[in-house]
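Structure first, commentary second.
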Amino acid sequence: MPLHPKRDLHLPGVLEAVNLEEEHLQALERERARQSMAQETTNSNAYVEGDADELGGLAFTGRVMESKRQPGFSLTQVFQPTQGDEILFGVRLEELEAEEEEPVAQGPLDAVYADSSAAAVTARPVETPLLTERLDAGLGDVERTLERLVLSSERIPSDAFASRTKQTPRSVFAIMDESDPVDFEQKIPHPALEFPFELDRFQKQAILHVERGECVFVAAHTSAGKTAVAEYAIALSRAHATKAIYTSPIKTLSNQKFRDFCVRFGAASVGLITGDVSIQPTASCLIMTTEILRSMLYRGADLIRDVEWVIFDEVHYVNDEERGVVWEEVIILLPEHVNLMMLSATVPNAREFAEWVGRCKQRTVYVISTSYRPVPLQHYLFAKNDLILVKNARGEFLRQGYKAAQDAEREALTKRGVKGRAAAAATVNRPAWSTLVHFLRKRDLMPAVVFCFSRKRCEEAADSLGSMDLLQGSASDGNRIHVLMESALSRLSDADRRVPQIGRVRDLLRRGIGVHHAGLLPIVKEMTEILFQRGLVRVLFATETFAMGVNMPARTVVFSGIRKHDGRQFRLLTPGEYTQMSGRAGRRGLDAYGLVILFFPPGELPSELDLKRTMTGVPPRLSSQFRLSYNMILNLIRTEHVQVEEVIRRSFTEAESFAAQRRIRRLLDRGRQSLERLDAELASFGDLFAQYYQWVRKVVAFATSIHETLLSVGPSGYARTSAVPGRLLLLRRSDGGVALGVILGSATEKRYRVSATSLLDEIRRLVVPVLALIGGPALAETVFETAEAETEASASSPVTVFTETVRLTYRHRLHGIEYCLGDAAPSEILTIYQNTIELGKELPALERALFPVRGPPNEDLVASLLESLRSMAEVLDTQLRQEETSESTVLVPMNPRVHCGLADLALEATWLEKERILHNHILRSACLMDTYHRRLLTKAFALAERRYNLEQKLEYLSFASSYRSLQLLPDYVQRLAVLQRLGYVERAGGVTETDWEHDTFENGERAPSSGLMVTLKGRAACEVGTCDSLLLVETILEGTLSELNPSGIAALLSCLVFQEKLDPTEYMLPEEAARIKLDQSALDRTAMETLATALSKLRRIALALGTAQAECGLPVSPSEYQSMTVNPGLLLPALLWAQGAPFKDVCQWTPVQEGSIVRTIVRLCELLRETADVARVIGDSRLLTLVDLAIRSIKRDIIFAASLYVT
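In the numbering used here, the protein residues as written are 447 to 1653.
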């Protein structure tokens, strides 16, 4: 009898843990919709077309779900010297930013590999790596090498690989190296690798740092020669008898590099690991995708101990919305003894990223960049069968060139008799590609790459050339193409060679025309790439992912447009995308200039602004795409010496907070000392003043919540009844006093600058315009005023009434009476009265008179208003001095329920308590004080306010120094709740969920994951990286796979890895196949019905998982989660393939292109391997047997044909 995991192992299942009743699901969907409306998501439903989804390591990259985040930390929120914070904290900015040696913080996995370098050095004599490779150079060279080891400070000795673990602490983590490397040959007289060309300046700079064992970030233009630096690091590792790992973002790039490095270093020295392929995994140079390296770090692979260099190619891929997190994880997890080399296109914030890496690894990273391309580019518009220059080699946009192209387009449209862009587009379905290709051929501008932004457009453009032969007159090139194609295709069976796509592409290649996109079979793409590299493909129509290829330069690059669909919307190319693609133009050593041609159909010329922005804009900054997944959390909890929270804290997302920790510690220390001094000063004033301050703070808190409601704007707001122009109100002052004022207009929401140094730091705040009376004969006797020094201040000094409003407001004086005009926030209003005064003008005229663009406000109007306020102030004075005031008040405070119709009992209770404290304690106390005590109160209140502000800042700093401040903490805590609820983790005895909440980094803080252990279910989920790990484990535990045969298992699991979007009418479901007569005998009715039942159960499990996450507070829609994770669009083709059908027949069952089918089946094979690992973990031997049979059934023929680069 087969094992039933859920029943026999007593493992809880998700179907038992959640409520799937329709009413409950609808409530969750409504809540998700409400959250979406409240906060627009920017990273959901992400999809990247093309080879970007051809993943190395075959990691799961389904559409990215939104993460729940809290605001990040910013030091400017706490410490701004211009606002007196230096005095408040007792520390100057210079002291705060003074360099200080930081303690070396161990990386998350440093403890795992703590003995790595020491063991490596013990096993290798110090001098051996440097000398053995150079013994054949003769005794003289050996002596010079020994002398250089002793005397030179420029070249590191071979044991530096070990000594770096003993580095002194650093305070500078990134240095821009702009030096001119003089005496390069003297510094490295015997390089580890010789180059057959003169190295460029940036290459010499980088190699010098590599020789010293220093981390480097090389940001250089496309085709500038970054690979030479990587090759030197690989050669140096060989000289040191250590290992180098070269990572790339996609499998194709890994395969190409494997071929190139085998030629450079010898096949015995180079290995390749890409998930489905493993060649020489013990070689000294290993090429792999970043996902594979992450998996090794999770497992604690032993080979990491021998790694000296990790080289990240195309590190700007950290910006990728789906996969960028992998680069961050790997950088964080790599042990400290490993040197990092990061190769990137030019980016504007290279130093910022390098500083994060350096701080994270406690190493100095040297940033090296190029300021120009080795082969300059000239950019043209194609118009009237000629080229018009629009951007020269110096990068200047030529407006006259654009105008000339615009005139040419207008003339062409006039000749056609067509007016307007839309009409022209309707009559011209595609560009006249044959005209362009003839032009390129005539001008000797081939080979050319033509970028089209969809697979369909690539195919259409190539087909539009008809029978054009670009190899005409070159029989030798035709023969070379024929030989290479026959050699490449000879590894396929006769049936696979008859696949229609192969026939189409062969015909094109024979004529020197190629296409390149993700829908092509891998062998076809590689065949096209190799022919293009050899100059045998004259014109290549490609999607943008071809720009990721290595060593694929062309004479000319052509753009068919500058707009593309990114999976969500049509948009302009970013400057970075344009630069990456145009960078393929210009062959070093062959071309003086590279040509970039923009070829638009008539009527589709972009606007000048759009074209200029795309061609000359700044490339995108490197930004963090760090997010959490269940697989990451489980793997990190399972890994010893690693805390999930510490990995989050070290992420690029938290770079500002992580970098500020030293300053936070200093501010906390100095701030606590200042707090003690303030406490001592305040104690001398006695308890009465302290009590008074507490009353004020309580009233302010009550008043803020009340007036935010009363002044709220919008259809349901109460501002129309409360914020009436002419209505009186009482405002608080920064010294504890009050000021009588009048509302001058309607409540509005305004934007204010928070920081004087940043245009981006803005907030929205609800305010109401008011005029307030600061001093005068009446108020001087009733409501205490500020100190004499303040009363005698000049008319231009800032007023202290509007304490919360960011807009700078100045006090004014008229006829000896001081007043101020400005915007009051709800927190500054103590009470609003029913009483009103006459304003004297209509609102628009009032606004112009009191808030003129230039000059002072209208004096007559101000004098009239001040007189009215003085009269009401005398009334208030009399009212306050009366013993019995509750029934005889003249100034009537506005009751939210009585006067505004706000039926909120809790709010009314708050208002009553606020009015009681305000009238009985604050106003009457102030009124009855003599001048001496008023001045004492002013001083005491100022000290108390300083103490309060300091205490608030210290609380925030304490928060910022703890795990509680992590932006992803809400998402993390809720994901932990999901894992605990479903039984993937459990908490050890004696540790509660809230033990960590009050600890900080500096006192050995416990984290949310403290005491958590991974259960059997969790260990099973750790094995899954190709799809949603929880969904696969729950499907296995429910026994869904055990009920199927091997081909059914393969078909069902294809739903978890297929990612293309298909209309439901474009594919057939099992239940539909079961109801019709099928020509395929393999698809019998019983098998279809069983598969339909399994698919229904899989969907129900996915719905339950989405529900569980929504119930734990994650921003997940159960139905959207189901559709994102279960995609049956390739279920029947996968079933046919697993049952032995030829690939040609499988393709007839789906509109999906051949390349996408291959990629899905390859990923399915990886998923089946992971499923076998899960079965092994839970001890289900029957499922393990079935899955092994499924793997054998799909791993065959054209889909698993070996890469042309590795055979």
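Virtual Cβ for every residue (Gly too), placed ideally from N, Cα, C.
- DSSP, reduced to helix, strand and coil, places Gln-702 within a helical segment of the structure shown.
- DSSP, reduced to helix, strand and coil, places Phe-885 within a helical segment of the structure shown.
- Taking C-beta atoms under 8 Å as the contact rule, Leu-1157 and Val-1216 fail to qualify, at a distance of about 12 Å.
- Of the residues assessed, Val-1431 falls on the buried side of the cut-off, its CB having 16 or more other CB atoms within 10 angstroms.
- Counting C-beta pairs closer than 8 Å gives three or more between the stretch 528-543 and the stretch 1116-1127, which meets the contact rule.
- Rounded to whole angstroms, the Cβ separation of Ala-1467 and Leu-1476 is 6 Å, and the two are in contact under 8 Å.
- Taking Glu-1600 as reference, the option from Met-1534, Arg-943, His-1379 and Phe-1405 with the minimal CA-CA separation is Arg-943.
- CA-to-CA, the gap between Ala-791 and Leu-1541 works out to about 45 Å.
- The beta carbon of Leu-1425 is closer than 6 Å to those of Val-1431 in its chain, skipping five residues each way along the sequence.
- Per DSSP, Trp-755 is one residue of the beta strand (DSSP E) stretching across 753-758.
- Within the same chain, and ignoring the five residues on either side of Leu-1382 in sequence, the residues whose Cβ sits closer than 8 Å to its Cβ are Phe-1131 and Phe-1135.
- Between Arg-480 and the set Ser-1563, Leu-1577, Thr-1606 and Leu-1498, the nearest pair of CA atoms involves Ser-1563.
- The Cβ-Cβ distance between Ser-700 and Thr-735 falls below 8 Å.
- The alpha-carbon separation between Met-994 and Cys-898 amounts to approximately 15 Å.
- Here the alpha carbons of Leu-1019 and Tyr-848 stand approximately 18 Å from one another.
- For Gln-1594, the three-state secondary structure derived from DSSP is coil.
- If you look at Leu-1044, you'll find it in the beta strand (DSSP E) that goes 1040-1044.
- In the assembly as shown, Pro-1290 is an exposed residue. Its beta-carbon has fewer than 16 other beta-carbons within 10 Å.
- One Cα belongs to Gln-1413, the other to Leu-1074, and the distance between them is close to 11 Å.
- The beta carbons of Ile-1275 and His-1087 sit about 55 Å from each other, so the pair does not count as a contact at 8 Å.
- The C-beta distance from Ala-681 to Leu-639 rounds to 4 Å, short enough to fall under 8 Å.
- The stretch 1629-1646 and the stretch 1575-1591 touch, with three or more beta-carbon pairs separated by less than 8 Å.
- Where Lys-1010 is concerned, the enclosing beta strand (DSSP E) starts and stops at 1009-1011.
- Within the same chain, Cβ atoms closer than 8 Å to the Cβ of Val-945 are found at Leu-967, Phe-1589, Lys-1590, Cys-1593, Glu-1600 and Ile-1644, the five residues on either side in sequence being excluded.
- As for any alpha helix (DSSP H) of minimum length 4 sitting wholly inside the stretch 1483-1556, the runs are 1492-1500 and 1516-1520, ordered along the chain.
- Non-local beta-carbon contacts of Leu-474 in its own chain, meaning distances under 8 Å to residues more than five positions away in sequence, involve Thr-1553, Ala-1556, Glu-1557, Ser-1563 and Pro-1564 in chain order.
- In this structure Met-1514 is buried. Its beta-carbon is surrounded by 16 or more other beta-carbon atoms within 10 angstroms.
- By the C-beta density criterion, Ile-533 is exposed, having fewer than 16 other C-beta atoms within 10 angstroms.
- Thr-989 is bridged by DSSP to nothing; it lacks a bridge partner.
- Assigned with DSSP and collapsed to three states, Glu-905 falls in helix.
- In the DSSP secondary-structure assignment, Gln-824 is bridged to Leu-1041.
- The shortest C-alpha to C-alpha distance from Leu-521 to any of Phe-1104, Asp-1323 and Glu-660 is the one to Phe-1104.
- Assignment of Arg-1392 by DSSP, reduced to helix, strand and coil, places it in the helix class.
- Between the stretch 1032-1043 and the stretch 821-828, the count of C-beta pairs closer than 8 Å reaches three or more; the two stretches touch.
- DSSP places Asp-1056 outside any beta strand (DSSP E); the residue lies instead in the alpha helix (DSSP H), whose first and last residues are 1054-1062.
- The three-state secondary structure of Arg-1034, taken from DSSP, is coil.
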